[in-house]
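Participant: Numbering that gives the first Met the number 0 numbers the first residue of the sequence shown as 0 and each following residue consecutively. Handing you this structure, nothing more for now.
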Amino acid sequence: MPDARPRLLYVTDLAYRARGRRYGDEDVHLASRLRDRFDLVLCHPADAVALMDAFDAVVVRNSGPVLGYQKEYDAFRARALATGARVYNPLTGKADMAGKQYLLDLTAAGCPVIPTVGRVEDAHLLPAAERYVVKPKQGADSLGLRIVPAGRLAGFAAGDVLVQPRVDFAYEVSFYFVDDDFQYALYAPDPVRRWELKPYAATAADLEFARRFIDWNALGYGIQRVDACRAPDGSLLLVELEDLNPYLSLDALPEDTRDAFVAAFTASLSRFAEGAPAPTGP
């Protein structure tokens, strides 16, 4: 009798629609490749609690902004933590998985992030700018984001928000990791068309920048995306560290790079589902 294959519950919202991205297509592709190694079932995030106990691991992929199903997500987290369920990415993430507080913490620590404060009243602590970005502290996928001229910021009525100077960056670039291993980088040469991505040849300095945040998060297992922008002085600044369900833009990759990513993802999931210790680093 052949050995039993690991059972994965793959959490995704195939119907979620986002500008410039096709979440469902990406997950259909990944699920078709993972079936070579796992017994796999796809489910909507609202159904995960009812199904998760029957599986060796739960993989959270393109499930959309948690704000759309906050009650169900909170129940999922509570159930997973109470039962010790293996959730990939693990629920110990300190970045977007836990909200946007990390941007305030990293700013206070002097890390290379877009300077961020948590109240409109504290905007004077930021570098002077003609415009400021104001967005909900618990936001996602640009929901609720506003661009506010400096002259109107003081009178802007806002609750629990993040405030940042509007950076006139040259381009945005994202670095994708499986566990602690760098896989590929993509960038948007035209800042106005941020989802028209092309492969990016990361330098040693770029990867040193990205790894700083991967090391800080200490997630061990999982897929993470380090989003950054190239500032006017040529430096990179962190925009966000996505450690919950980062979209991977696999359709922007050449076939060999996409295959290498799938192989790394499959190997990581195999170790994770079997309960192997997390990798200790490169």
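Glycine is no exception: its CB is placed at the ideal position from the N, C-alpha and C atoms.
Specify whether the region 223 to 234 and the region 70 to 87 touch according to this definition: at least 3 beta carbon pairs, one from each stretch, less than 8 Å apart.
Facilitator: Result no; under three Cβ-Cβ pairs closer than 8 Å.
Participant: Applying the criterion that 16 or more other CB atoms from any shown protein chain within 10 Å of the CB defines a buried residue, is C154 buried or exposed?
Facilitator: Reading the sequence as shown, one finds Gly at residue 154 and not Cys. The residue is exposed, with fewer than 16 neighbouring Cβ atoms inside 10 Å.
Participant: Considering only DSSP beta bridges, list what Q163 is partnered with.
Facilitator: Per DSSP, V132.
Participant: Go through its chain and collect everything with a Cβ distance to P190's Cβ below 8 Å, but skip five positions before and after it.
Facilitator: Cβ within range, chain order: F168, A169, Y170, E171.
Participant: Do you know offhand how far L144's Cα is from R4's?
Facilitator: Cα to Cα, the separation comes out at about 44 Å.
Participant: Looking at the strands, I want to know which residues DSSP matches up with D38.
Facilitator: Beta-bridge pairing links D38 to R6.
Participant: Roughly how many angstroms lie between the CA atoms of A122 and V112, to the nearest whole one?
Facilitator: If you take the alpha carbons of A122 and V112, they lie about 16 Å apart.
Participant: Residues bridged to K197 by DSSP?
Facilitator: In the DSSP output, where bridge partners are listed per residue, K197 has Y186.
Participant: Just how far apart, CA to CA, sit A266 and A275?
Facilitator: Distance between the alpha carbons of A266 and A275: 11 Å.
Participant: Across which residues does DSSP place V65 in a beta bridge pair?
Facilitator: Beta-bridge pairing links V65 to no other residue.
Participant: How big is the Cα-Cα spacing for A47 and F264?
Facilitator: If I take the Cα positions, the gap works out to 21 Å.
Participant: When the distance is taken between beta carbons, is A201 closer than 9 Å to F174?
Facilitator: Taking 9 Å as the Cβ cut-off, F174 and A201 qualify as a contacting pair.
Participant: Anyone know if the C-beta pair for K136 and K99 falls short of 9 Å?
Facilitator: Contact flag set, yes.
Participant: Would you mind working out which of Y220, D214, E241, G219 sits nearest D282, comparing C-alpha positions?
Facilitator: The first residue shown for the chain is 0 and the last is 281, placing residue 282 beyond what the model contains.
Participant: Starting from D226, trace the beta strand (DSSP E) in both directions and tell me its first and last residue.
Facilitator: Unbroken beta strand (DSSP E) run through D226: 222 to 229.
Participant: By Cβ distance, which residues of its chain are closer than 8 Å to A79, with the 5 residues on each side in sequence left out?
Facilitator: Around A79: M51, V57, V86, L90.
Participant: Exposed or buried, which one is D258 when buried takes at least 16 other CB atoms within 10 Å?
Facilitator: Classification for D258: exposed.
Participant: With 16 as the cutoff for other CB atoms within 10 Å, does V166 come out buried or exposed?
Facilitator: Classification of V166: buried, given that the 10 Å Cβ count is 16 or more.
Participant: Can you look up E283 in the DSSP assignment and give me helix, strand or coil?
Facilitator: Nothing can be reported for residue 283, as the shown portion of the chain is limited to 0 through 281.
Participant: Per DSSP, I146 forms a beta bridge with which residues?
Facilitator: I146 is bridged to V132.
Participant: How would you write the range of the beta strand (DSSP E) that L125 sits in, first residue to last?
Facilitator: From DSSP, L125 is part of no beta strand (DSSP E); its letter is neither H nor E.
Participant: Per DSSP, which residues does L218 bridge with? Please list them.
Facilitator: For L218, which the question treats as bridged, DSSP gives no partner whatsoever.
Participant: Rounded to whole angstroms, what is the Cα-Cα separation between P1 and A49?
Facilitator: Only weak support exists for where P1 lies, its pLDDT of 49 falling under 50; the coordinates are left without a value.
Participant: What separation, rounded to the nearest whole angstrom, lies between the Cα atoms of Y9 and P126?
Facilitator: Their Cα atoms are separated by approximately 43 Å.
Participant: For E25, report the span of its beta strand (DSSP E) as first-last.
Facilitator: Unbroken run through E25 is the alpha helix (DSSP H), 22 to 33; no beta strand (DSSP E).
Participant: How many angstroms separate the CA atom of F212 from the CA atom of G92?
Facilitator: Going by the C-alpha atoms only, they are around 12 Å apart.
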